[in-house]
Every structure is written in C-alpha cells, then in structure tokens.
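Beneath this line is the structure, given in structure tokens, with notes to follow.
Residue numbers (UniProt numbering): 1 to 159.
Here's what the structure looks like:
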C-alpha cells in the first residue's frame with residue numbers, strides 16, 4: 001500500500017472520528033496524535049492513532065479496523081461467529097447465518113459491524129450487515145459482507 005498523503009487531524013475532525021466510533025461501537029478511541037493517511041491504491045483512508053492504524057473510513061464513515069477493535073473492544077455492533085467459521089472469516093469470506101452464534105439486536109441492515117470469534121472475543125473482521133441483527137442467526141444465507149479482515153493489506157499496514 002503506497003501512501004499518497006498523511007496529515008494530522010484538527011481537533012474537530014478528531015471529535016468527529018471519536019463520536020462516530022462511540023456511536024457505532026460504544027467505545028472511546030483515545031490517543032495523543034491522530035493522523036489521516038490516504039493511499040494511492042486503496043478505496044479507504046486510515047486514521048493512525050499514536051502511529052497505529054486503529055480507524056478507517058468506509059464510504060466516508062469512520063469505523064475501527066480489526067487492530068483498532070482488538071485494542072478498543074467494541075461493546076455494540078458485534079456479530080459473534082463459532083469456531084467453525086473462524087478460518088473462513090479470517091480469510092475474508094462473507095459471514096453466513098449458520099456460523100453466527102450471536103448478533104447485537106440493535107444492528108440494522110447496512111450498518112458496519114465487528115465480527116468476533118466466540119471463544120476469546122477477538123475481532124477477526126469488519127463487515128457490512130446485509131440484514132438486521134435480530135435476523136442474523138439461522139440456517140442459511142449470507143448476512144454480513146466482509147470489508148476488512150485479519151491478514152489483509154490494511155491489517156498488515158504500518159508506518
């Protein structure tokens with residue numbers, strides 16, 4: 001991933017990022033330095049918090065990266081998958097109903113969500129909900145489209 005530009009965020013931009021993440025996931029992202037990084041070859045931008053890629057923009061909406069969600073564990077907006085789904089989700093597969101053991105009932109179709117594994121609660125991926133949280137557990141069908149996962153270019157990115 002080739003960096004196109006990198007600049008420090010103003011305090012009102014930092015507040016916007018923090019509020020959006022707090023609204024979506026119930027966590028407060030704290031840090032001394034917030035920098036926005038734009039890439040030549042990617043459809044998203046990243047916010048470095050104290051040098052770590054903890055937040056990224058998906059369609060203009062700030063959300064925690066996988067690393068960010070493991071540093072600041074989400075309280076809401078979580079879809080939990082069973083052990084059988086872990087390897088697929090970690091490889092970037094979309095999430096199917098049979099692999100889900102729990103989903104936040106407040107999730108609406110179109111929301112960004114954190115996808116966590118049930119044993120340790122570690123976040124494996126970030127995706128977009130295709131259905132409401134109450135409709136995620138079931139027998140068949142795709143319910144979350146994967147956007148970012150463990151091991152992808154964004155996960156491996158560092159400055």
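Every residue gets a Cβ at the ideal spot worked out from N, C-alpha and C, and that includes glycine. Bear in mind that the values here come from a model prediction, so they are computed numbers and not experimental data.
query                                                                                                                       : result
Exposure of residue 117, with buried meaning 16 or more beta-carbon neighbours within 10 Å                                  : buried
Residue burial classification, residue 15 (beta-carbon count within 10 angstroms, cutoff 16)                                : exposed
Collapsed DSSP secondary structure at residue 124 in the structure displayed                                                : strand
Residue 54 in three-state terms, based on DSSP                                                                              : strand
Residues of its chain near residue 94, where Cβ-Cβ distance is below 6 Å and the 5 sequence neighbours each way are ignored : 142, 145, 146
Proximity winner among 128, 133, 158, relative to residue 61 (alpha-carbon distances)                                       : 128
From 124, 97, 7, 109, residue whose alpha carbon lies closest to that of residue 50                                         : 7
8 Å Cβ cutoff met for residue 109 and residue 130                                                                           : yes
Cα-Cα separation between residue 92 and residue 155, rounded to whole angstroms                                             : 12 Å
Reduced DSSP secondary structure (H/G/I, E/B, other) of residue 14                                                          : helix
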